[in-house]
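Since the structure comes first, as structure tokens, the remarks are kept for the end.
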Amino acid sequence: PSIEEALAEIFLQPVLDPFRKLVNAEMLAALTEVVMPVAVEMAEVTVEEEDGDELAELDVEIVVEADLESPDVQVLLDDVQARYQTLLQAVADFAEGEGDVAALAAENRDGLETLLSLPDLAEQMPELEQVAASIAAQLGGGEMVWATALSWHFVHNLGAAVDTDEAAELSRSWLDEWLLGRLIGSVLRDMTATGGAADEAVAVVKLLTANGRWFDARTASQRTPLAVLSKLLRSREVQQFIRVNRYGGVLYFNKEAYEQLCAWLLLPAVVDSLANLPEEDAVEQIVERHAVLQKLLEASAESGYQVDKLLEGVR
1394 PSIEEALAEI FLQPVLDPFR KLVNAEMLAA LTEVVMPVAV EMAEVTVEEE
1444 DGDELAELDV EIVVEADLES PDVQVLLDDV QARYQTLLQA VADFAEGEGD
1494 VAALAAENRD GLETLLSLPD LAEQMPELEQ VAASIAAQLG GGEMVWATAL
1544 SWHFVHNLGA AVDTDEAAEL SRSWLDEWLL GRLIGSVLRD MTATGGAADE
1594 AVAVVKLLTA NGRWFDARTA SQRTPLAVLS KLLRSREVQQ FIRVNRYGGV
1644 LYFNKEAYEQ LCAWLLLPAV VDSLANLPEE DAVEQIVERH AVLQKLLEAS
1694 AESGYQVDKL LEGVR
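Numbers given in the working numbering equal positions in the sequence shown, counted from 1, plus 1393.
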């Protein structure tokens, strides 16, 4: 780090120390293991023919998935909640906030359990099979994808310790001003991510922190695909993420990055609904939000990667 960053770290130590205790390679790996099947042992299995004669002995992996209700996982989640509350208190003290850190920590715990339960969404709610398939495709990329999602979860609402109305804006600004984004990148590199992959993951964290509540709207007209896309395209993080560029007087975007944008935006939308609504209402709301994102994806296919045609496609 530069001299300026080194001095900033000293000044920010009251916040950075509890942040490091929560967001570190060991903690993210432990939480990731909760959702990723783990081969616990090799077992010898005897295969018999129908007449009972022994046919072969095979070594097979016994694969188990952690149960969110298991005592070990609950102990881990208790630890995470305590560390998150300590971080929130440090944020409140440092920025002179008066948020209810205990309530915010409990809320974050609920959201974390919801996030970790997403791999079982299709089994829990068969009516959301299509949504579950989209989430499975996004979160099925392994440890680094989950580490990215978890990093977002731990930073996106830190601002509520100071101002609930400006929580997203404060949280996003602190990713830069308080060097939280740089620390996340360092943690992800510790988890064997390449420099480029870690930088992309930090970009996702910033994107979701700034735009994770893309679905918030006071009126139905503000929830239309056109209104949602127009708002997203005004975001600096979205413009950078989908690589908006001008060529020959026309604004273009990157197709693959845009598809990733839509895929990532589904995550906070689903977690929000499941964590805050009764099941029947949550299903209805998730279907509605998923439909908006699907419309955004469909518009991309006919846009020729041009921003103007993309907007035209959702009208």
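Idealized CB from N, CA, C, for every residue including glycine.
Beta carbon of P1411, beta carbon of A1483: below 8 Å? For the purposes of this step, residue 1411 is taken as residue 18 along the sequence shown, with counting starting at 1. For the purposes of this step, residue 1483 is taken as residue 90 along the sequence shown, with counting starting at 1. Yes.
What is the DSSP secondary structure of V1440, reduced to helix, strand or coil? Working through the sequence shown from its first residue, we reach residue 1440 at position 47. Per-residue confidence for V1440 stands at a pLDDT of 47, beneath the threshold of 50, marking its modelled position as unreliable; no derived number is given.
In three-state terms, what does DSSP make of V1433? Position 40 of the sequence shown, counted from the start, is the residue given in the question as residue 1433. At V1433 the pLDDT is 43, less than 50, meaning the model places this residue with poor confidence; the figure from the coordinates comes in the next sentence. Annotated three-state conformation of V1433 is strand, per DSSP.
If you draw a straight line from the C-alpha of G1578 to the C-alpha of D1460, how long is it? What you label residue 1578 is simply residue 185 of the sequence shown in a count that begins at 1. What you label residue 1460 is simply residue 67 of the sequence shown in a count that begins at 1. In a straight line, the C-alpha of G1578 is about 29 Å away from that of D1460.
Could you spell out the range, first to last residue, of the alpha helix (DSSP H) harbouring N1604? Working through the sequence shown from its first residue, we reach residue 1604 at position 211. Start and end: 1588-1604.
Is R1413 near L1576, with beta carbons less than 8 Å apart? Mapped onto the sequence shown, residue 1413 falls at position 20. Mapped onto the sequence shown, residue 1576 falls at position 183. In this structure, L1576 lies closer than 8 Å to R1413 by Cβ.
Please classify V1438 as buried or exposed, where buried requires at least 16 other C-beta atoms within 10 Å of its C-beta. Locating residue 1438 in the sequence shown gives position 45, counting from the first residue. At V1438, the pLDDT of 45 sits below 50, so the modelled position is not reliable and the matter cannot be decided from this model.
Excluding five sequence neighbours on each side, which residues of the same chain lie with their C-beta closer than 8 Å to the C-beta of A1542? Indexing the sequence shown from 1 puts residue 1542 at position 149. The answer, listed in chain order, is L1508, L1532, L1660.
Exposed or buried, what is I1528 when buried is set at 16 or more other beta-carbons lying within 10 Å of its beta-carbon? As a first step, residue 1528 must be located in the sequence shown, where it is residue number 135. Flag for I1528 reads buried.
Relative to the alpha-carbon of H1546, which residue among Q1517, K1648, L1601, P1512 has its alpha-carbon at the smallest distance? Counting from 1 along the sequence shown, the entry for residue 1546 is found at position 153. That would be L1601, whose Cα lies nearest to the Cα of H1546.
Mind the definition here: the segment 1490-1503 touches the segment 1547-1560 only if three or more C-beta pairs lie below 8 Å; say whether that holds. Yes, the segment 1490-1503 touches the segment 1547-1560.
Suppose the cutoff is 7 Å on Cβ atoms and the five residues either side in sequence are ignored; what does the same chain contact list for A1423 look like? Sequence index remark: in the sequence shown, residue 1423 carries index 30 (1-based). Same-chain partners within the cutoff: L1469.
Taking L1636 as the reference, which of A1560, D1569, D1513, V1700 has the closest Cα? On the sequence shown, position 243 is the one that residue 1636 refers to. The identity of residue 1636 in the sequence shown is Arg, whereas the question assumes Leu. Ranking the options by Cα distance to R1636, first place goes to V1700.
What is the C-beta distance between E1398 and L1572, in whole angstroms, given that I count them as a contact (C-beta under 8 Å)? To locate residue 1398, count along the sequence shown from 1; it is residue 5. To locate residue 1572, count along the sequence shown from 1; it is residue 179. Yes, E1398 and L1572 are in contact; Cβ-Cβ is about 7 Å, under 8 Å.
Tell me which residues share the same chain as S1628 and place their Cβ nearer than 7 Å to its Cβ, disregarding the 5 neighbours each side in the sequence. Looking up residue 1628 in the sequence shown gives position 235. These residues qualify, in order along the chain: A1603, N1604.
Short of 8 Å in beta carbon distance, which residues of its chain neighbour R1427, apart from the five on each side in sequence? Order them along the chain. Within the sequence shown, numbered from 1, the residue matching residue 1427 stands at position 34. In the sequence as presented, Arg is not what sits at residue 1427; that position holds Val. Counting only Cβ-Cβ distances below 8 Å, and skipping sequence neighbours, we find A1459, L1461, V1466, L1469, L1509.
If you run the structure through DSSP and keep just helix, strand and coil, what is V1643? Here residue 1643 is taken as the residue at index 250 of the sequence shown, counted from 1. Looking at V1643 - three-state DSSP - the assignment turns out to be strand.
Tell me whether N1669 sits in a helix, a strand or coil according to DSSP, three-state version. Position 276 of the sequence shown, counted from the first residue, corresponds to residue 1669. The three-state secondary structure of N1669, taken from DSSP, is helix.
In angstroms with no decimal places, state the Cα-to-Cα distance between F1646 and E1672. On the sequence shown, position 253 is the one that residue 1646 refers to. On the sequence shown, position 279 is the one that residue 1672 refers to. Answer to the nearest angstrom: the Cα atoms are 37 Å apart.
Bridge partner(s) assigned by DSSP for Q1699: Numbered from its first residue, the sequence shown carries residue 1699 at position 306. Beta bridge pairing from DSSP links Q1699 with Y1645.
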